[in-house]
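Colleague: Here it is, the structure in full.
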Amino acid sequence: MRLEGNVIARSGEIMAKIDFRNKINWRRRYRSPQGVETEREILRIFESDRGRIINSPAIRRLQQKTQVFPLERNARGAYAADPLSWKFSRWGRYIAKEVLSRLKEQKLLESYGLDELTRAVREHC
289 MRLEGNVIAR SGEIMAKIDF RNKINWRRRY RSPQGVETER EILRIFESDR
339 GRIINSPAIR RLQQKTQVFP LERNARGAYA ADPLSWKFSR WGRYIAKEVL
389 SRLKEQKLLE SYGLDELTRA VREHC
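Numbering (my numbering) for the sequence shown: 289 to 413.
As structure tokens, this is what we get:
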């Protein structure tokens, strides 16, 4: 079955097409920052959104769920992804990006030998 512009949900009902150009946007519906021009400012806005999602009540409820699934009675458990570790990785990501962007502004990345580190942070954080 082919549907143009629509998506079928799990329950079989037809959902409206989502236009991600409107959904994923750095401009805010309310209180949009004025004078945002640089890539750094736009990335900070997206990072703020990411933080809001990770610290949202829905993710906090996930954190209250059981994080250990026993394989056997006497065996150690296999751990699921812990939402608290998501928060820690977010903080680490923010700190790393902030330090690197400030060093880049001051043209110190190459002198410290950190110019390759920016790509690693971008890819792995």
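Beta carbons are placed, not taken as given, at the ideal position from N, Cα and C, and that holds for glycine.
Among the candidates Ile333, Leu388, Gln394, whose CA atom is the shortest distance from the CA of Arg315?
Modeller: In the sequence shown, counting from the first residue as 1, residue 315 sits at position 27. Answer by Cα proximity: Ile333.
Colleague: Leaving out five residues before and five after Ile342 in sequence, what residues of the same chain have Cβ atoms less than 7 Å from its Cβ?
Modeller: Mapped onto the sequence shown, residue 342 falls at position 54. Same-chain partners within the cutoff: Trp374, Lys375, Arg378.
Colleague: Does DSSP classify Pro305 as helix, strand or coil?
Modeller: For the purposes of this step, residue 305 is taken as residue 17 along the sequence shown, with counting starting at 1. According to the sequence shown, residue 305 is Lys rather than Pro. Residue state, collapsed to three classes: coil.
Colleague: Could you give the residue range of the alpha helix (DSSP H) that holds Ser344?
Modeller: For the purposes of this step, residue 344 is identified with residue 56 of the sequence shown, where counting begins at 1. Neither: Ser344 is in no alpha helix (DSSP H) and is coded neither H nor E.
Colleague: So, under 8 Å CB-CB, Tyr400 and Leu388 are touching, yes? Tell me the CB distance rounded to an integer number of Å.
Modeller: Numbered from 1 along the sequence shown, position 112 holds the residue referred to as residue 400. Numbered from 1 along the sequence shown, position 100 holds the residue referred to as residue 388. The beta-carbon separation of Tyr400 and Leu388, rounded to 10 Å, does not stay under the 8 Å limit for a contact.
Colleague: How many angstroms separate the CA atom of Gln322 from the CA atom of Ile330?
Modeller: For this step, residue 322 is matched to residue 34 along the sequence shown. For this step, residue 330 is matched to residue 42 along the sequence shown. Gln322 and Ile330: Cα-Cα distance of roughly 11 Å.
Colleague: Which residues bound the alpha helix (DSSP H) around Leu397?
Modeller: The residue labelled residue 397 in the question sits at position 109 within the sequence shown. For Leu397, the enclosing alpha helix (DSSP H) begins and ends at 397-400.
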